[in-house]
Amino acid sequence: MAGGATSGGNAVTDTYKEARNWLLLPAWGTLGIMVLAPVLLMLVYSFLTKEFRGGVIWEFSLAAYDQFFFDRGLFGDDPAKIEWTYIAIFWRSIWQAGAATVLSLLIGFPTAYFIATRPEKQRVIWVFLITIPYWVNLLIRTVSMRFLLRDEGPLNSFLMTTGLVDSPIHMINTNFAVQVGLFYSYLPFMVLPIYAAVERYNFTLSEAAADLYANKWITLRHIVLPAVKPGVVAGCILVFVPSLGSFLAPDLLGGAKNFMIGSLIEEQFKGNAGNWPFGAAASMILLTMVLIILVIYARAQARSDKEAG
Amino acid sequence: MSLEQPNAIEVRDAVKRYGDFTALKTISLSIKDNEFFTLLGPSGCGKTTLLRMIAGFEDVSEGAIFLYGEEIEGLPPHKRPVNTVFQNYALFPHKTVLDNVAFGLQMRGNSKSDSRKRAGEMLELVQLSQFAGRKPAQLSGGQQQRVALARALAPQPKVLLLDEPLSALDLKLRKAMQLELKHLQRETGITFIFVTHDQEEALTMSDRIAVMSSGELQQLGDARDIYERPRNMFVADFIGETNLLDVSVDRIESGQAICHLGGGHALTCPSVEEVAAGSKVHLSVRPERLFLTATQDDGNALKATVRENIFVGTDITTLVDLADGPEIIIRTSNSERGNQRIFDPGTPVYVNMEHGAARLLVD
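Protein sequences, first through last, are from chains A and B. Just so you know, we're using my numbering here: the first sequence kicks off at -3 and counts up by one. Just so you know, we're using my numbering here: the second sequence kicks off at 5 and counts up by one.
In structure tokens form, the structure reads like this:
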């Protein structure tokens, strides 16, 4: 870049580049401190030795990962077997988060579509109404959900007074309660991106489909959905990912039997019984799983785009 | 009625209201089978509303619409055998050009392979075969326009509705598409209902034109009818360029009205029904039906002074001031003969009207 003849032009470009780097600094700084540093810290901790009253000893160890996957330890004297306890918790978490995502999508999509098709002035009000419950702390909301779902709670007493059921439906401490809790916690994350996508959708396309003999259902499936898919995908990721790591809903609504990975991690860092390297390792495994799922999705997406295009 | 082929579309006393606002005020018109019919008017005149009522996107507040003799009110759009070419084409962005065209065919129950085969033929018809695999966004405006046309024609609708389909194209492409549309209509034999605010476009393509303004039908007729015999001030003013002069009718003799202009110029021109002796009416005369002479050869010629000549290529537009009267526009073709009728600014001249060119309008 030190060419004499063009140095004048380069000087301008260089100044511009330098300025651009400085301007990017806040963004890089934020990403570094908020994203990169915690993840790296977690990664390092997961390979350290545990200190008994919480904390770590700075000594390399694979014990945390060993404990997660293998019975009695891979490096022990006895032959190792796969330890299913944590993998089962992991699997249940994925399943629960998936179910909560599907539930949010089934409720969230019509809601978002409804809001986006209101007159412009009304939309703001509807979006506002959707967000109101979220001004209350998540813990309080989850506790009140527990109250609602209790055997002697309002939902059951309503069902019994109307004569729909004879005895209360047992909902608390079930998978169902956890899914409802997760669904309730993260519904706006589904509604808002879909709303934004539907609002941008050109409804003349629906008219064109109707004009070409497509009924409402086909129009929705073949014209509207592909057009708003980015919003749907964003909504699903925004519900699935935090649901996967959630511990409030499983703890308060699921009871001991419906333990999820989030609760497992939480316990490792809470109180004296904790095992920081193990919690860090479980976090890293969770992070890896989420990344793998997203990469698989992105690959499938790219492939289907290629086929269609 | 029973022996005749029923009209493609019959609109009977149709009214459209949005709350307090009446978009269409009791419109009745018939569109014949295999006709290129144009709804022409300025924006907000209700032409698009009427089109959307035929397509089924808007319901009819009062009255009825018949498609080949059958009332269609109550049928949702996807059950009406009419297709629309939308103003901004409304092509499905995630589908290929071929699948866009095949969509309607598939929805009508044709198999995927049959639909694609037929869609391919339609693309051939609009000369876009080589773009079948592309997405609409990869095409130019003119190409998208033709895809929209192929898509709407593919299911062989009974009536094709076109909502200002050419308005987004540049002038040259628009002219080419006008002719292409006209040819397509003749080839397919499908009734076309074309909505436009461009009077030239309407005159070029249509078998018949309905001129609309503020929710009312102003005049219905073929292009020559509407251009040469406008029924009222609105039509005369909206279609083409015209000179409108205020005149007083002195008397009417055997179908001829003898009138005078404000400055006292006497004029004789064909009368129309509504004109009565002693009334004040308007006289409309097209600029190209006027010519200038140096001497008064005809009793109807009006004394004037040339103000300006404007060269516009095919024509020369001349502005003249009538003695004690308004300004008049005259269009002379840029030909050897025409150029002999051009006079320098400031020259005193006489404005002559071709026989039968002047038309009296009451309102």
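All C-beta atoms in this analysis are idealised placements derived from N, C-alpha and C, irrespective of residue type, glycine included. Nothing here was measured: the structure is a model prediction, and the numbers come from that model.
As the crow flies, the alpha-carbon of residue 77 of chain A is around 11 Å from that of residue 62 of chain A. Counting only Cβ-Cβ distances below 7 Å, residue 108 of chain B has contacts in chain A at 208 and 209, in chain order. When Cβ pairs closer than 8 Å are counted between the two stretches, the stretch 69 to 77 of chain B is seen not to touch the stretch 227 to 243 of chain B, the count staying below three. Near chain A, meaning a CB-to-CB distance below 8 Å, the residues of the stretch 159 to 185 of chain B are 159. According to the DSSP assignment, residue 30 of chain B belongs to the beta strand (DSSP E) that extends over 25 to 35. Residue 99 of chain B is classed as buried because its beta carbon has at least 16 other beta carbons within 10 Å across all chains shown. A distance below 8 Å between beta-carbons, with the five flanking residues on each side excluded, links residue 106 of chain B to the following residues of its chain, in chain order: 116, 119, 120, 122, 123 and 158. Taken through DSSP and simplified to helix, strand or coil, residue 254 of chain A comes out as helix. Residues of chain B whose Cβ lies closer than 7 Å to the Cβ of residue 201 of chain A are, in chain order, 94 and 96. Contact residues of the stretch 206 to 220 of chain B toward chain A are absent (C-beta to C-beta distance below 8 Å). One Cα belongs to residue 334 of chain B, the other to residue 239 of chain B, and the distance between them is close to 20 Å. Around the beta carbon of residue 18 of chain B, a 10 Å sphere encloses 16 or more other beta carbons of the protein chains shown; the residue is thus reported as buried. A straight line joining the alpha-carbon of residue 32 of chain A with that of residue 26 of chain A spans about 9 Å. Here the stretch 253 to 262 of chain B makes no contact with the stretch 200 to 216 of chain B; the two share fewer than three CB pairs at distances below 8 Å.
Look at residue 51 of chain B here: in three-state DSSP terms it is helix. Distance from the CA atom of residue 258 of chain A to the CA atom of residue 240 of chain A, rounded to whole angstroms, is 7 Å. The DSSP-derived three-state label of residue 160 of chain A is coil.
In this chain, the beta strand (DSSP E) harbouring residue 217 of chain B covers 212 to 217. Non-local beta-carbon contacts of residue 185 of chain A in its own chain, meaning distances under 6 Å to residues more than five positions away in sequence, involve 234 and 235 in chain order. Rounded to whole angstroms, the Cβ separation of residue 338 of chain B and residue 325 of chain B is 23 Å, and the two are not in contact under 8 Å. In the three-state reduction of the DSSP assignment, residue 166 of chain A falls in the coil class. Taking a Cβ-Cβ threshold of 7 Å, the residues of chain A close to residue 90 of chain B are 200 and 204, in chain order.
Taking C-beta atoms as the reference points, residue 135 of chain B and residue 163 of chain B fail to come closer than 8 Å. DSSP places residue 63 of chain B outside any alpha helix (DSSP H), giving it a letter other than H or E. With its beta carbon at least 8 Å from every one in chain B, residue 190 of chain A lies outside the interface. Closest option to residue 296 of chain B, judged by alpha-carbon separation, among B:345, B:25, B:248 and B:250: B:345.
When secondary structure is reduced to three states using DSSP, residue 125 of chain B falls in the helix class. A distance of 8 Å or more separates the beta carbons of residue 89 of chain B and residue 177 of chain B. By the criterion of a C-beta distance shorter than 6 Å, residue 53 of chain A is surrounded in its chain by 45 and 47, once the five residues flanking it on both sides are discounted. Between residue 221 of chain B and residue 31 of chain B, the beta carbon gap of about 5 Å places them in contact (Cβ cut-off 8 Å). Residue 111 of chain B: not part of any beta strand (DSSP E); member of the alpha helix (DSSP H) spanning 101 to 111, first to last residue. Only residues of its own chain outside the window of five on either side were considered, and among them 178 and 181 have a CB closer than 6 Å to the CB of residue 170 of chain B, listed in chain order. Distances from the CA of residue 269 of chain B to each of B:77, B:54, B:354 and B:24 were compared; the closest alpha carbon is that of B:354.
Buried is the label assigned to residue 336 of chain B, since at least 16 other Cβ atoms lie within 10 Å of its Cβ.
According to the DSSP secondary-structure assignment, residue 21 of chain A is paired through a beta bridge with no residue. In this structure the stretch 268 to 282 of chain A does not touch the stretch 195 to 209 of chain A; the number of beta carbon pairs closer than 8 Å is below three.
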